[in-house]
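S.K.: Quick mapping for you: the protein sequence lines, in order, are chains A and B. Just so you know, we're using the working numbering here: the first sequence kicks off at 3 and counts up by one. Just so you know, we're using the working numbering here: the second sequence kicks off at 3 and counts up by one. Structure provided below as structure tokens; questions to follow.
2 protein chains.
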Amino acid sequence: MITLADLKALARPAGTKVVLLVMDGVGGLPRADGKTELDAARTPNLDRLAAQGTLGLADPIAPGITPGSGPGHLGLFGYDPLQYRIGRGVLEAVGIDMHMTERDLAARGNFCAVDQAGLITDRRAGRIPTDTCARLCTLLEKIKLPGIELIVRPVREHRFVVLFRGDGLEEGLSETDPQEVGKPPLPVEAEAPHAARAALIANGFVSEARRLLANEHPANMVLLRGFSKYPKIPKLTDIYGVKAGVIAVYPMYRGLARLVGMEALSAGDSVADEFAALETHYRDYDFFFLHIKKTDSYGEDGNFDAKVHVIEEVDHALPRLLGLNPDVLVITSDHSTPAIYKAHSWHPVPVLLSSKWCRPDGAPRFTERECRFGGIGHIRSAELLPVMMGHAERLTKFGA
Amino acid sequence: MITLADLKALARPAGTKVVLLVMDGVGGLPRADGKTELDAARTPNLDRLAAQGTLGLADPIAPGITPGSGPGHLGLFGYDPLQYRIGRGVLEAVGIDMHMTERDLAARGNFCAVDQAGLITDRRAGRIPTDTCARLCTLLEKIKLPGIELIVRPVREHRFVVLFRGDGLEEGLSETDPQEVGKPPLPVEAEAPHAARAALIANGFVSEARRLLANEHPANMVLLRGFSKYPKIPKLTDIYGVKAGVIAVYPMYRGLARLVGMEALSAGDSVADEFAALETHYRDYDFFFLHIKKTDSYGEDGNFDAKVHVIEEVDHALPRLLGLNPDVLVITSDHSTPAIYKAHSWHPVPVLLSSKWCRPDGAPRFTERECRFGGIGHIRSAELLPVMMGHAERLTKFGA
């Protein structure tokens with residue numbers, strides 16, 4: 003695969019606008035009548051775009067591999083997810099819109115319950131309410147550790163994020179969750195010498211947390227995992243010299259986009275709000291990542307009809323986007339979430355590219371089946387961004 | 003991708019003949035009536051070949067990347083252009099049929115104009131006539147540098163090539179063109195210690211050139227860039243054990259083919275001449291690269307109809323080639339040059355392979371659209387040569 007350094011060397015300025023519209027988990031599988039969600043949806047606007055555009059299929063990571071949301075999106079942003087990895091702690095932190103610095107070490111936390119002997123009785127402390135979680139996070143943030151600023155934030159129920167901010171905190175720590183009840187939380191161990199200070203700090207935090215939570219019930223202890231630093235990723239905005247904005251209702255996707263240099267734009271709550279936000283900010287950015295969440299949510303719920311409805315809602319809103327006349331529009335997905343499978347899956351995702359410089363396939367519809375015949379071919383998701391930038395005339399010739 | 007070393011290990015002798023017919027830039031885009039150049043051309047012979055052959059699409063470098071002629075052809079010769087790179091100086095030298103040795107360091111030169119303070123007033127010296135350029139090159143060739151033989155040749159207008167022939171001349175030099183007027187030419191700097199001697203020699207040349215050109219007008223100075231050695235590429239002829247010949251009207255393509263071990267055969271000036279040359283030399287070589295330039299030239303001119311006409315001219319000449327009954331014939335392109343885009347583009351190129359051992363697609367025509375469904379699939383150009391050699395029974399089994 004072409005390297006990001008090569009792409010940066012080829013990048014050239016242009017006045018073109020590029021829109022990446024991600025319908026999360028839109029790729030599907032056929033239900034009993036043989037139709038996938040895209041087959042079943044009434045999508046006159048997507049159909050017209052398919053006829054004028056170029057289609058393809060993309061494997062987000064590698065054939066057969068099911069992506070998480072992080073790697074799924076990194077691929078769409080042009081990064082090989084096998085090469086650029088994001089730790090679980092960082093993913094949780096960006097997922098609740100926390101701003102990380104290079105001095106931070108992030109960890110994903112669970113409040114848990116332990117008995118008087120210190121053995122775990124419930125790894126999730128009965129899934130305490132989120133507001134209890136928030137109160138306990140405020141308590142934990144009071145912990146004093148030498149040279150460290152602590153930021154502790156609730157996620158949902160028993161889940162929280164802790165950022166250890168300070169010098170010399172390196173990755174390479176073992177997790178404290180023994181993954182079963184009846185055992186004590188494990189000490190944090192440094193898996194490499196350079197992580198020794200971080201291990202000391204993390205163990206200090208756990209020890210103080212045990213003391214502070216002693217009289218709480220049921221959440222009287224913490225488990226930490228996914229210790230990770232903010233990844234050193236060349237920014238998409240630097241590679242291509244674009245100003246990029248993300249429009250996403252869920253913080254996780256804004257956080258992922260910020261990782262690669264995009265600015266979070268106000269999005270509202272509905273598909274219509276998101277398309278309105280695109281209009282509002284259209285003049286001010288070169289590249290837009292617009293994220294539609296509910297195709298995935300309904301896919302995970304196994305709600306085929308509701309997923310179809312969201313696809314139709316996006317189709318209905320499309321003329322607003324098309325009215326802006328972007329130079330390049332790609333509609334695709336970070337992974338498949340077939341409603342009959344009720345989970346992320348490994349199936350390749352459908353891709354539709356529309357541009358005045360695309361070579362039209364003349365396909366009747368935007369479906370997984372039609373995408374098999376597309377001129378983009380069957381690629382990796384990470385190869386798609388250069389294709390977008392090529393059509394946007396933002397890449398100069400390779401060699402003479 | 004399979005390595006050249008692996009391919010060399012698999013290569014075996016055979017009495018088969020292979021013809022690679024490159025219609026430069028033949029891949030296109032549809033004009034208003036929805037037809038690409040290949041769609042619009044009347045091509046009864048190509049149509050018949052398409053029905054009996056196997057089709058495919060190929061990305062010359064990577065999806066979305068527009069190739070220059072050098073990398074585009076290296077791909078077709080079986081080299082990953084991202085791995086095997088050719089410097090600008092070398093490309094210019096082979097482009098005017100200069101023969102380079104391993105002791106040569108090539109640079110692309112521009113005659114420019116400087117004022118009395120030595121500041122550049124015109125980076126192209128008013129695009130002096132080519133015969134003036136030739137006279138000045140003869141002048142520069144008289145420069146004496148210790149241990150160095152100088153070869154200086156005009157290209158066109160203000161452009162020339164200089165070969166520094168001598169020992170210890172290594173790559174890694176900065177260019178002297180500041181890329182704007184009002185500044186002085188930059189000194190050549192060694193970007194690595196091993197290039198120190200080359201920098202000394204190059205600066206000596208520039209200094210002497212300044213002196214010799216002082217009374218010329220307007221071309222009274224030179225700018226040098228693209229310092230590069232003849233690349234150490236395993237020769238196609240060695241890898242596969244074939245005797246290979248190139249038939250090309252333009253010197254650039256002969257030069258590129260010589261880089262990989264092919265011999266330049268007399269070609270004449272027209273498509274008919276080139277096909278005649280193939281007949282003449284057919285007994286004496288195993289592998290032929292036959293290059294048709296004008297599909298690209300008319301593409302760059304934006305002359306859709308003339309490009310269509312060249313395709314028809316090639317189709318008309320095809321029976322002559324087919325009469326030789328080559329064991330493998332591939333017809334493809336080094337890149338697309340859509341007439342409506344008027345430039346090289348990033349779109350994948352159509353591929354047609356004909357052989358008694360091919361698995362026929364039964365396609366009605368040789369067009370970009372039909373090639374999407376081809377049995378070759380959607381590959382990288384560099385993967386095509388092994389496919390050709392496989393069909394030519396020139397590769398033995400991999401493993402037992």
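The C-beta atom is built at its ideal place from N, Cα and C for all residues, glycine as well.
For V316(A), which option in A204(A), R285(A), V273(A), D49(A) has the closest C-alpha, if you only look at C-alpha atoms?
M.R.: Residue numbering aside, residue 316(A) sits at position 314 when the first sequence is read from its first letter. V316(A) has its Cα closest to that of V273(A), out of A204(A), R285(A), V273(A), D49(A).
S.K.: By the three-class DSSP mapping on this structure, what secondary structure does I150(A) have?
M.R.: The count along the first sequence starts at 1 and reaches residue 150(A) at position 148. Three-state result, I150(A): strand.
S.K.: Might you give, ordered along the chain, the residues of its own chain that have their beta carbon closer than 8 Å to the beta carbon of D117(B), omitting 5 neighbours on each side?
M.R.: Taking the first residue of the second sequence as 1, we reach residue 117(B) at position 115. Here the set comprises T123.
S.K.: Helix, strand or coil: which one does DSSP assign to E395(B)?
M.R.: Here the question's residue 395(B) lines up with position 393 in the second sequence. In this structure, E395(B) counts as coil in the three-state DSSP scheme.
S.K.: Quickly, what does DSSP pair E56(B) with across the bridge? List them, please.
M.R.: To locate residue 56(B), count along the second sequence from 1; it is residue 54. The question names Glu, but residue 56(B) is Thr in the sequence shown. BP columns for T56(B) point to L355(B).
S.K.: Note down the Cα distance separating L355(A) from D61(A), rounded to an integer number of angstroms.
M.R.: Residue mapping note: residue 355(A) aligns to position 353 of the first sequence, counting from 1. Residue mapping note: residue 61(A) aligns to position 59 of the first sequence, counting from 1. Roughly 16 Å separates the two Cα atoms.
S.K.: Assuming the contact rule is C-beta atoms closer than 8 Å, G58(A) and I381(A) should be a hit. Round their C-beta distance to whole Å, please.
M.R.: As a working note, residue 58(A) is residue 56 in the first sequence. As a working note, residue 381(A) is residue 379 in the first sequence. Confirmed, Cβ separation roughly 6 Å.
S.K.: Any beta carbon of chain A sitting closer than 9 Å to that of Y343(B)?
M.R.: Taking the second sequence and counting its residues from 1, the one referred to as residue 343(B) is at position 341. For Y343(B), the answer is yes, since a Cβ of chain A falls inside 9 Å of its Cβ.
S.K.: Mind checking N217(A): buried by the 16 CB within 10 Å criterion, or exposed?
M.R.: Position 215 of the first sequence holds residue 217(A). Its Cβ having fewer than 16 others within 10 Å, N217(A) is exposed.
S.K.: Thinking G27(A) and S335(A) are a contact (beta carbons under 8 Å), I'd like their distance in whole angstroms, please.
M.R.: The residue given as residue 27(A) occupies position 25 in the first sequence. The residue given as residue 335(A) occupies position 333 in the first sequence. That belief holds up - the Cβ atoms of G27(A) and S335(A) are roughly 6 Å apart, short of 8 Å.
S.K.: In three-state DSSP terms, what is H380(A)?
M.R.: Sequence index remark: in the first sequence, residue 380(A) carries index 378 (1-based). Here H380(A) sits in strand by DSSP.
S.K.: Can you find a C-beta in chain A that's less than 9 Å from the C-beta of S272(B)?
M.R.: The residue labelled residue 272(B) in the question sits at position 270 within the second sequence. Output row for S272(B): interface = no.
S.K.: Is the Cβ-Cβ distance between F375(B) and F375(A) less than 9 Å?
M.R.: Working through the second sequence from its first residue, we reach residue 375(B) at position 373. Working through the first sequence from its first residue, we reach residue 375(A) at position 373. Contact: yes.
S.K.: Contact defined as beta carbons within less than 8 Å: I believe G174(B) pairs with H196(B). What is the distance between those atoms, to the nearest angstrom?
M.R.: Within the second sequence, numbered from 1, the residue matching residue 174(B) stands at position 172. Within the second sequence, numbered from 1, the residue matching residue 196(B) stands at position 194. At roughly 7 Å, the Cβ-Cβ gap stays under 8 Å, so G174(B) and H196(B) are in contact.
S.K.: Over what stretch of residues does the alpha helix (DSSP H) that includes R256(A) continue unbroken?
M.R.: The residue you call residue 256(A) lines up with position 254 of the first sequence. Here the alpha helix (DSSP H) through R256(A) covers 253-261.
S.K.: Counting only Cβ pairs nearer than 8 Å, list the residues of chain B close to E385(A).
M.R.: As a first step, residue 385(A) must be located in the first sequence, where it is residue number 383. Ordered by position in chain B, the residues that pass the 8 Å Cβ test against E385(A) are A64, P65, G66.
S.K.: Closest Cβ-Cβ distance between S347(B) and chain A: below 9 Å?
M.R.: Sequence index remark: in the second sequence, residue 347(B) carries index 345 (1-based). Interface residue, yes.
S.K.: Provide the residue(s) that pair with C114(B) in DSSP beta bridges, ordered along the chain.
M.R.: Locating residue 114(B) in the second sequence gives position 112, where the first residue counts as 1. C114(B) is bridged to M223(B).
S.K.: With DSSP run on the structure shown, which of helix, strand or coil describes K10(B)?
M.R.: Counted from its first residue, the second sequence places residue 10(B) at position 8. Three-state DSSP puts K10(B) in a helix.
S.K.: When DSSP builds the beta bridges, which residues end up paired with D61(B)?
M.R.: As a working mapping, residue 61(B) is identified with position 59 in the second sequence. In DSSP, D61(B) forms a bridge with R382(B).
S.K.: Cα-Cα, which of G128(A), P180(A), E151(A) is closest to R158(A)?
M.R.: On the first sequence, position 156 is the one that residue 158(A) refers to. R158(A) has its Cα closest to that of G128(A), out of G128(A), P180(A), E151(A).
S.K.: Note down the Cα distance separating K399(B) from L78(A), rounded to an integer number of angstroms.
M.R.: Taking the second sequence and counting its residues from 1, one reaches residue 399(B) at position 397. Taking the first sequence and counting its residues from 1, one reaches residue 78(A) at position 76. Roughly 38 Å between the two C-alpha positions.
S.K.: Using alpha carbons as the reference points, say which of N327(A), I333(A), G304(A) lies closest to T38(A).
M.R.: To locate residue 38(A), count along the first sequence from 1; it is residue 36. T38(A) has its Cα closest to that of G304(A), out of N327(A), I333(A), G304(A).
S.K.: Count the C-beta pairs between the segment 198-218 of chain A and the segment 136-148 of chain A that are closer than 8 Å, then say yes if the count reaches three, no if not.
M.R.: The segment 198-218 of chain A, when compared against the segment 136-148 of chain A, does touch it at the 8 Å Cβ threshold.
S.K.: Consider the Cβ of P321(B): report whether some Cβ of chain A lies at a distance smaller than 9 Å.
M.R.: Walking along the second sequence from the start, residue 321(B) turns up at place 319. By this cut-off, P321(B) is not an interface position.
S.K.: Residues in the same chain with beta-carbon distance under 8 Å from A136(B), minus the five sequence neighbours each way, listed in chain order, please.
M.R.: Locating residue 136(B) in the second sequence gives position 134, where the first residue counts as 1. Excluding positions up to five away in sequence, the list reads P156.
S.K.: Using the three-state DSSP reduction, which class does G66(B) fall into: helix, strand or coil?
M.R.: As a working mapping, residue 66(B) is identified with position 64 in the second sequence. In the structure shown, G66(B) sits in coil (DSSP, three-state: anything other than H, G, I, E or B).
S.K.: Among Y86(A), P65(A), L23(A), whose alpha-carbon lies nearest the alpha-carbon of P350(A)?
M.R.: If you number the first sequence from 1, residue 350(A) lands on position 348. It is P65(A).
S.K.: For the candidate residues S230(A), G74(A), Q181(A), whose alpha-carbon lies nearest to that of N112(A)?
M.R.: Position 110 of the first sequence, counted from the first residue, corresponds to residue 112(A). Cα-wise, what sits closest to N112(A) is Q181(A).
S.K.: Can you tell me where the alpha helix (DSSP H) with H293(B) in it begins and where it stops?
M.R.: Sequence index remark: in the second sequence, residue 293(B) carries index 291 (1-based). Per DSSP, H293(B) belongs to no alpha helix (DSSP H); it is in the beta strand (DSSP E), 289-294.
S.K.: Name the two residues that bound the continuous beta strand (DSSP E) containing R161(B).
M.R.: To locate residue 161(B), count along the second sequence from 1; it is residue 159. Element bounds for R161(B): 161-167.
S.K.: Can you tell me whether M25(A) is helix, strand or coil according to DSSP?
M.R.: In the first sequence, the residue the question calls residue 25(A) occupies position 23. DSSP places M25(A) in strand when its eight states are reduced to three.
S.K.: Ordered along the chain, which non-local residues of its own chain (more than five positions away) have a Cβ less than 7 Å from that of W359(B)?
M.R.: Your numbering for residue 359(B) matches position 357 in the second sequence. Cβ within range, chain order: H393.
S.K.: Please determine, among T56(B), H101(B), V330(B), the residue with the shortest C-alpha to C-alpha distance to K231(B).
M.R.: Within the second sequence, the letter at position 229 stands for residue 231(B). Answer by Cα proximity: H101(B).
S.K.: If you reduce the DSSP assignment to three classes, tell me which class D82(A) lands in.
M.R.: Taking the first residue of the first sequence as position 1, residue 82(A) is located at position 80. D82(A): coil per DSSP, three-state reduction.
S.K.: Cα separation between L434(B) and V92(B)?
M.R.: The shown model of chain B, from 3 to 402, leaves out residue 434(B), and the question about it has no answer.
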